[in-house]
Amino acid sequence: MGGFVKPAIFVIGSTFIAWFSRASLRDIRSHGFYRFFAWEAMLALVLINIEYWFVEPFSPHQIIAWVLLLVSLLMVIAGFSLLRKGISDESRGDPALLDWEKTTELVTTGVYRYIRHPLYSSLLFLTWGVFFKYLSWVGLTLAALATLFLYMTARIEEAENIEYWEAEYQSYMKTTKMFVPFMF
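Remember, the numbering used here sits 1 above the position in the sequence shown when you count from 1.
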């Protein structure tokens, strides 16, 4: 890509992400505030590594990348399809919540039986899949930042969920992992 194309895409992408996150950006205590920065780091990482997407397609790092990207895709499909069954309700008046986050029933089936944050898990696998497309210190830094911000996002969302669902969510936390089944 030409010298100004990537910065232009970054600015356009960042504008869209900021618009999408506009309610969350007003509240540093909102999980969406930190998610914004995770998305920004991921956007930068994608733009840095996009040129290497299909270079040496059967090299070990590319195979790892494709496996992680595939897992990411599966996680987002599984997470969204089940989250929609949690009955979205506008009465959850928090303006920082996105529509699909306004569930009034705690979803604990499917992938949610094993992990609490399959959508953030999907973003983690996506981040590291993109990183493995082309290994660099800049890429590692961006992937680490995205990971840190996604972790912070999940922790704050868990506090929000405990406030909404109280003991039910605390019990759920005891039986599940955060991002990776049986591990973390």
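Just so it is clear, CB atoms sit at the ideal spot from N, CA and C, and this is done for glycine as well. Everything numeric in this text was worked out from a predicted model, so none of it was measured.
task = Sort out for me which residues DSSP pairs residue 163 with in a bridge.
result = Residue 163 is not bridged to any residue.
query = My guess is that residue 112 and residue 83 are in contact by the Cβ rule of under 8 Å, so how many angstroms apart are they, rounded?
reply = 7 Å
query = Among residues of its own chain, excluding the 5 on either side of residue 7, which ones have a beta-carbon nearer than 6 Å to its beta-carbon?
reply = Only 48 meet the Cβ criterion.
query = If we call anything under 8 Å between Cβ atoms a contact, is residue 37 one with residue 10?
reply = no
key: Close-in-space but distant-in-sequence residues of the same chain around residue 169 (CB under 7 Å, 5 per side omitted)   = 107
inquiry  = Are the CB atoms of residue 137 and residue 180 within a distance shorter than 8 Å?
reply    = No, these two residues do not count as a Cβ contact at 8 Å.
query = Could you give the distance in angstroms between the alpha-carbon of residue 57 and the alpha-carbon of residue 135?
reply = 10 Å
request  = Under 8 Å Cβ to Cβ from residue 44, same chain only, skipping five residues before and after it: list those, please.
outcome  = 11, 14, 15, 18
message = Out of 98, 69, 141, which one is the CA nearest neighbour of residue 27?
response = 98
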